[in-house]
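This report refers to the structure that appears directly beneath it.
2 protein chains.
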Amino acid sequence: MEVLVPFSTDRPKSRLSDVLSPSERESFARSMLADVLRAVIDAGGSPHLLTTADLDVPIEADTSADSPHPADGPNPADASPSADVPVTVDARPLTTAVNAALDRHEPTGAEPVGVVMADLALATPETLGRLFGADADVAIAPGRGGGTNALVVRDPAFRVDYHGASYLDHLRIAEEIDASVAVVDSHRLATDVDERSDLAELLIHGDGEATAWLRDAGVGLDATNGRVGVDRDR
Amino acid sequence: MEVLVPFSTDRPKSRLSDVLSPSERESFARSMLADVLRAVIDAGGSPHLLTTADLDVPIEADTSADSPHPADGPNPADASPSADVPVTVDARPLTTAVNAALDRHEPTGAEPVGVVMADLALATPETLGRLFGADADVAIAPGRGGGTNALVVRDPAFRVDYHGASYLDHLRIAEEIDASVAVVDSHRLATDVDERSDLAELLIHGDGEATAWLRDAGVGLDATNGRVGVDRDR
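Line by line, the protein sequences give chains U and Y. Quick note on the working numbering: the first sequence kicks off at 1 and runs consecutively. Quick note on the working numbering: the second sequence kicks off at 235 and runs consecutively.
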């Protein structure tokens, strides 16, 4: 399955500005992207990066799940097999760019197209497998706060609309074209990493590159309030 | 399966004080409890309420999933079958009370004991079914922020510790007694309704009594910021 992974190079993760500097946010976003690409590949998908501008470094998805390494740490050249990921640059807004890609691909039951956000650093092959294997014209993994974190489209008439409560919009759009819908109930896929509190989820549940990056940056759990949050020791 | 549902009558849902008055929070908490009891029963469990003090009204779980009604709205006497739910009053802290109940029940593989929090208003028979059916000595549904929202225990040596990042503590406790662990990845079970932003999840995904209660109270979705939140029109 072709799986689009949209990635914005324009001030990524700005809502993490109270914890990470601009260059750190860029590096952290890249480490999450690497985790997502790896999970998509390990779930049997073929990731296709949809980026708003050329990335300065070629994207490789380390397919060795048992040897995560920090983005800025050592990455031995002989450590593991890597897979080149095709890249399409489209500077238009997310909705326009994804719909253009759906236009190009014309998804069907035989050739579905996935859309998985680049900040789902808790995605695992198992959770993505539940999404990829869901038997419906449109399978949706809702994000916390009404977003749409991951999709599989098997109907060429379906179009996305990522503005606002996109999960509800996508249910409505599917209904309008008479497409069947499966909703994938997953905390991992519901956790797009946007805000400070989301970092706690990574530190609690993650074991990939982005989690290692956070630990390396001194970000740790802080259990002084009701829900566990994060603190930074430097 | 015996399923303990702990419920605190002492200032329930105080973190919702910016949206709901004290008496409203009490009524809302009761409507969430009703949803949880119904979901447990519909998932094949036998709920047992573990409350900090006597409740003024007897607890009944409406087992008719297709006729939710607001807690303060009309409830026709002939609407649906109801099930009386046994109640144990234990004023001690949550961890102590649950461990005392586990002591009494001595959970085993043949007679497991569940613990499901009373504010999991998005729990459905399907998601609870995944938890109840998980093949492990301890099955855990983690909550957002490191909590433990639901558990199934099949090992009499297991004890809970709800303080702090209890999910991580429960993994450690299970490891110490050599108990196998299954983690249930569910956004619905990860969503304990404690804070304002959690209400948005109910309005987006819920269809039970608590969601109807919120709508009736004028709480609605507010999509003006990044993630969809809630607003109140009166």
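Ideal Cβ placement from N, Cα and C applies to all residues, glycine included.
Excluding five sequence neighbours on each side, which residues of the same chain lie with their C-beta closer than 7 angstroms to the C-beta of U/T124? As a working note, residue 124 of chain U is residue 124 in the first sequence. Closer than 7 angstroms at Cβ, skipping near neighbours: A39 and R188.
Taking DSSP's pairing of strands, which residues face Y/V372 in a bridge? As a first step, residue 372 of chain Y is located in the second sequence; it is residue number 138 there, counting from the start. For Y/V372, which the question treats as bridged, DSSP gives the partners Y/V387 and Y/V415.
Is the CB-CB distance between U/D137 and U/D161 below 7 angstroms? Start at 1 with the first residue of the first sequence, and residue 137 of chain U comes out as number 137. Start at 1 with the first residue of the first sequence, and residue 161 of chain U comes out as number 161. Contact: no.
By the 10 Å Cβ neighbour count, where 16 or more other Cβ atoms means buried, how is U/H205 classified, buried or exposed? Residue mapping note: residue 205 of chain U aligns to position 205 of the first sequence, counting from 1. So U/H205 ends up on the buried side.
Classify U/A91 as buried or exposed, calling it buried when 16 or more other Cβ atoms lie within 10 Å of its own Cβ. Residue numbering aside, residue 91 of chain U sits at position 91 when the first sequence is read from its first letter. The residue in question, U/A91, is exposed, as its Cβ has fewer than 16 Cβ neighbours within 10 Å.
Taking Cβ to Cβ, would you say Y/A375 is nearer than 7 angstroms to Y/A384? By one-based count along the second sequence, residue 375 of chain Y stands at place 141. By one-based count along the second sequence, residue 384 of chain Y stands at place 150. Yes, the Cβ-Cβ distance between Y/A375 and Y/A384 is below 7 angstroms.
Is Y/H404 close to chain U? Criterion is C-beta to C-beta, closer than 7 angstroms. Against the second sequence, residue 404 of chain Y aligns to sequence position 170. Chain U, which has no Cβ nearer than 7 angstroms to the Cβ of Y/H404, makes this no.
Residues of the stretch 368 to 398 of chain Y with a CB closer than 9 angstroms to any CB of chain U: list them in chain order, please. A375, P376, G377, R378, G379, G380, G381, H397 and G398
With a threshold of 7 angstroms on Cβ separation, who are the neighbours of U/E24 within its own chain once the five nearest residues in sequence on each side are excluded? Residue mapping note: residue 24 of chain U aligns to position 24 of the first sequence, counting from 1. Excluding residues within five positions, the ones whose Cβ falls inside 7 angstroms are A217.
Considering only the beta carbon of each residue, do Y/A355 and Y/A444 sit closer than 7 angstroms? Residue numbering aside, residue 355 of chain Y sits at position 121 when the second sequence is read from its first letter. Residue numbering aside, residue 444 of chain Y sits at position 210 when the second sequence is read from its first letter. It is a contact, given that the beta carbons lie within the stated cut-off.
Hey, quick one: how far does the beta strand (DSSP E) through Y/D403 stretch, first residue to last? In the second sequence, counting from the first residue as 1, residue 403 of chain Y sits at position 169. Careful: Y/D403 lies outside any beta strand (DSSP E), inside the alpha helix (DSSP H) at S400 to E410.
Contact under 7 angstroms by Cβ, Y/G398 with U/A223: Within the second sequence, the letter at position 164 stands for residue 398 of chain Y. Within the first sequence, the letter at position 223 stands for residue 223 of chain U. For Y/G398 and U/A223, yes; Cβs fall inside 7 angstroms.
Just confirm the distance between the C-beta atoms of U/V85 and U/V98, as a whole number of angstroms; I'd bet it's less than 8 angstroms. On the first sequence, residue 85 of chain U is found 85 positions in, with the first residue counted as 1. On the first sequence, residue 98 of chain U is found 98 positions in, with the first residue counted as 1. About 17 angstroms; that fails the 8 angstroms criterion.
With a cut-off of 8 angstroms on the beta carbons, I'd call U/R130 and U/V184 a contact; round off their distance for me. The sequence position of residue 130 of chain U within the first sequence is 130, counting from 1. The sequence position of residue 184 of chain U within the first sequence is 184, counting from 1. Between U/V184 and U/R130 the Cβ distance is about 5 angstroms, and since that is below 8 angstroms, they are a contact.
Check whether the Cβ atoms of Y/F366 and Y/A287 sit closer than 7 angstroms, and answer yes or no. For the purposes of this step, residue 366 of chain Y is taken as residue 132 along the second sequence, with counting starting at 1. For the purposes of this step, residue 287 of chain Y is taken as residue 53 along the second sequence, with counting starting at 1. The answer is no: Cβ separation not under 7 angstroms.
What distance in whole Å lies between the Cβ atoms of U/P6 and U/L50, which are believed to be in contact at a cut-off of 8 angstroms? For the purposes of this step, residue 50 of chain U is taken as the residue at position 50 of the first sequence. For the purposes of this step, residue 6 of chain U is taken as the residue at position 6 of the first sequence. About 5 angstroms; that satisfies the 8 angstroms criterion.
If we count the other Cβ atoms within 10 Å of its Cβ and call it buried at 16 or more, is Y/D244 buried or exposed? Along the second sequence, read from residue 1 onward, the residue named residue 244 of chain Y stands at position 10. Counting Cβ neighbours within 10 Å, Y/D244 comes out exposed, since fewer than 16 surround it.
Neighbour list for Y/D419 in chain U, Cβ cutoff strictly below 7 angstroms: Within the second sequence, the letter at position 185 stands for residue 419 of chain Y. Correct list: T127, S186, H187 and R188.
Let me make sure I understand the geometry here. Which of U/L4, U/L20, U/D103 and U/T96 has the alpha-carbon closest to that of U/G220? As a working note, residue 220 of chain U is residue 220 in the first sequence. Comparing Cα positions, the closest option is U/L20.
With 16 other Cβ atoms within 10 Å as the buried cut-off, status of U/E175: In the first sequence, counting from the first residue as 1, residue 175 of chain U sits at position 175. U/E175 is exposed by the Cβ-count criterion.
Let's see if you can read the secondary structure: which residues bound the alpha helix (DSSP H) around Y/V253? In the second sequence, counting from the first residue as 1, residue 253 of chain Y sits at position 19. Looking at the DSSP string, Y/V253 is not in any alpha helix (DSSP H), and its letter there is neither H nor E.
Suppose you measure from the CA of Y/E236 to the CA of Y/V386; what does that come to, to the nearest Å? By 1-based counting over the second sequence, the position of residue 236 of chain Y is 2. By 1-based counting over the second sequence, the position of residue 386 of chain Y is 152. Going by the C-alpha atoms only, they are around 10 angstroms apart.
Tell me the rounded alpha-carbon separation between Y/E260 and U/E201. What you label residue 260 of chain Y is simply residue 26 of the second sequence in a count that begins at 1. What you label residue 201 of chain U is simply residue 201 of the first sequence in a count that begins at 1. If you take the alpha carbons of Y/E260 and U/E201, they lie about 29 angstroms apart.
Measuring straight from C-alpha to C-alpha, what distance separates U/P70 and Y/A446? For the purposes of this step, residue 70 of chain U is taken as residue 70 along the first sequence, with counting starting at 1. For the purposes of this step, residue 446 of chain Y is taken as residue 212 along the second sequence, with counting starting at 1. Note that U/P70 scores 44 on pLDDT, short of 50, meaning its location in the model is unreliable and no value can be drawn from it.
Do Y/A373 and Y/A344 come within 7 angstroms of each other at the CB atom, strictly closer than that value? Working through the second sequence from its first residue, we reach residue 344 of chain Y at position 110. Working through the second sequence from its first residue, we reach residue 373 of chain Y at position 139. Not in contact: Y/A344 and Y/A373 (Cβ atoms no closer than 7 angstroms).
Buried or exposed for Y/D353, please, with buried defined as at least 16 other CB atoms from any protein chain shown within 10 angstroms of its CB. Numbered from its first residue, the second sequence carries residue 353 of chain Y at position 119. Under this definition Y/D353 is a buried residue.
Length of the line joining the Cα atoms of Y/R264 and Y/L271: For the purposes of this step, residue 264 of chain Y is taken as residue 30 along the second sequence, with counting starting at 1. For the purposes of this step, residue 271 of chain Y is taken as residue 37 along the second sequence, with counting starting at 1. Each residue's alpha carbon lies about 10 angstroms from the other.
Y/G379 and U/R227 - do their beta-carbons sit closer together than 7 angstroms? Here residue 227 of chain U refers to the residue found at position 227 of the first sequence. Here residue 379 of chain Y refers to the residue found at position 145 of the second sequence. In this structure, Y/G379 lies closer than 7 angstroms to U/R227 by Cβ.
Step through the CB atoms of chain Y and report whether any lies within less than 7 angstroms of the CB of U/I204. Taking the first residue of the first sequence as 1, we reach residue 204 of chain U at position 204. So yes, U/I204 belongs to the interface.
Strictly below 8 angstroms CB to CB, what residues from chain Y border U/L221? The count along the first sequence starts at 1 and reaches residue 221 of chain U at position 221. Those within 8 angstroms of U/L221 in chain Y are G380 and A399.
Per-residue DSSP class, three states only, for U/D231: Translated into positions along the first sequence, residue 231 of chain U becomes position 231. If DSSP states are grouped into helix, strand and coil, U/D231 belongs with the strands.
Cα separation between Y/E429 and Y/G463? Against the second sequence, residue 429 of chain Y aligns to sequence position 195. Against the second sequence, residue 463 of chain Y aligns to sequence position 229. Cα to Cα, Y/E429 sits roughly 11 angstroms from Y/G463.
How long is the line joining the alpha carbons of U/S80 and U/I173, rounded to whole angstroms? Working through the first sequence from its first residue, we reach residue 80 of chain U at position 80. Working through the first sequence from its first residue, we reach residue 173 of chain U at position 173. Confidence is the limiting factor: at U/S80 the pLDDT is only 36, short of 50, which leaves the residue's position unreliable, though a coordinate-based value still follows. Roughly 42 angstroms between the two C-alpha positions.
Check the C-beta distance from U/D192 over to U/M117 and give it rounded, since I have them as a contact under 8 angstroms. Residue mapping note: residue 192 of chain U aligns to position 192 of the first sequence, counting from 1. Residue mapping note: residue 117 of chain U aligns to position 117 of the first sequence, counting from 1. Confirmed, about 6 angstroms.
For a contact defined as C-beta to C-beta under 7 angstroms, what are the partners of U/A200 on chain Y? The sequence position of residue 200 of chain U within the first sequence is 200, counting from 1. Near U/A200 (Cβ distances below 7 angstroms), the residues of chain Y are G379 and G380.
Which residue from Y/R249, Y/T322, Y/S248 and Y/A268 puts its Cα closest to that of Y/H282? For the purposes of this step, residue 282 of chain Y is taken as residue 48 along the second sequence, with counting starting at 1. Comparing Cα-Cα distances from Y/H282 to each of Y/R249, Y/T322, Y/S248 and Y/A268, the minimum goes to Y/T322.
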